[in-house]
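**Q** Numbers given in the working numbering equal positions in the sequence shown, counted from 1, plus 1101. Here a beta-carbon is modelled for each residue, glycine too, at the ideal position from N, C-alpha and C. Right, I'll just put the structure down here and ask away after.
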Amino acid sequence: MTQEISFISAGEDEKEAISFLLKFVEEKFLELGSSPQNKINLRCNDAAQANELDQKLWEDLNEVFLAHKISNDAKIPSCPVEISYPGIKVKNDFSTLINLNPKLPPDYQDYDTVFQIVIKDNASLQNQARESFKQCKIDGLDPTYIN
1102 MTQEISFISA GEDEKEAISF LLKFVEEKFL ELGSSPQNKI NLRCNDAAQA NELDQKLWED
1162 LNEVFLAHKI SNDAKIPSCP VEISYPGIKV KNDFSTLINL NPKLPPDYQD YDTVFQIVIK
1222 DNASLQNQAR ESFKQCKIDG LDPTYIN
């Protein structure tokens, strides 16, 4: 059951949001430590965005080695950080969801902590994030917004 859900402003376009996300996931990974029950699911919009994020996590992080994989890559064993997107099966053993997709997944309440990344594009992405915020309220949660 979700104990904390935060909507976090992360720029005005996808490029800014991904730059923010790289720093944010590094920070959360270090906060959570290496305990096997503290796994992070990074949820993207689609396979192309997941591949882009996968590449950037290997190339652009300087402070930490962040073992990660795209969730449906069966050649690589489970990692503390896995990247997913709608349409692929994901194990339900993550404590934290960092959602770049503006829509919450149906199982979002199964995570202890949810961070919804908000792209303030004054258009569809921002409106979808607003709808997700409203859905949290309907589901009885008390989301916070961090600008």
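1. For the alpha helix (DSSP H) containing LYS1221, name the first residue and the last one.
2. If I follow the unbroken beta strand (DSSP E) through ILE1199, where does it start and stop?
3. Distance check for GLN1217 and LEU1201, CA to CA, integer angstroms please.
4. Candidates PRO1203, ALA1224, PHE1195: which alpha carbon is nearest GLN1210's?
5. Which first and last residues belong to the beta strand (DSSP E) in which LYS1170 is found?
6. Count the other CB atoms within 10 Å of the CB of ILE1171; is the residue buried (16 or more) or exposed (fewer)?
7. When we look at the beta-carbon of SER1179 and count the other beta-carbons within 10 Å, is it buried (16 or more) or exposed?
8. Can you tell me which of the three DSSP states ASN1152 falls into?
9. Would you tell me roughly how many angstroms separate the C-alpha atoms of ASP1161 and LEU1123, rounded to the nearest one?
10. Could you name the residues that DSSP lists as bridge partners for THR1214?
11. Please work out which residues of its chain come closer than 8 Å, Cβ to Cβ, to ASP1114, disregarding the five sequence neighbours upstream and downstream, and give them in chain order.
12. Leaving out five residues before and five after LYS1129 in sequence, what residues of the same chain have Cβ atoms less than 8 Å from its Cβ?
13. How many Å lie between SER1225 and ALA1168 at the Cα?
14. Could you pull out every residue in the same chain whose Cβ sits closer than 6 Å to the Cβ of ASN1081, ignoring the five residues on either side in sequence?
**A** Checking against the coordinates, here is how it stands:
1. Counting along the chain, LYS1221 falls outside any alpha helix (DSSP H), and DSSP gives it neither H nor E.
2. Boundaries of the beta strand (DSSP E) around ILE1199: 1197-1200.
3. Annotation: LEU1201 to GLN1217 spans about 7 Å, alpha carbon to alpha carbon.
4. Per the Cα distances, PHE1195.
5. From DSSP, the beta strand (DSSP E) with LYS1170 extends over 1169-1171.
6. Counting Cβ neighbours within 10 Å, ILE1171 comes out buried, since at least 16 surround it.
7. By the 10 Å Cβ count, SER1179 comes out exposed.
8. Helix at ASN1152.
9. Those two C-alpha atoms are separated by around 8 Å.
10. Under DSSP, THR1214 shares a beta bridge with GLU1105, THR1197.
11. Once the five neighbours on either side are set aside, the close Cβ partners of ASP1114 are ILE1220, ASP1222.
12. Closer than 8 Å at the Cβ level, and outside the excluded window around LYS1129, lie ILE1141, THR1197, ILE1199, PHE1216.
13. Each residue's Cα considered, the two are about 33 Å apart.
14. In the structure as shown, the chain begins at 1102 and stops at 1248. Residue 1081 is therefore absent and cannot be evaluated.
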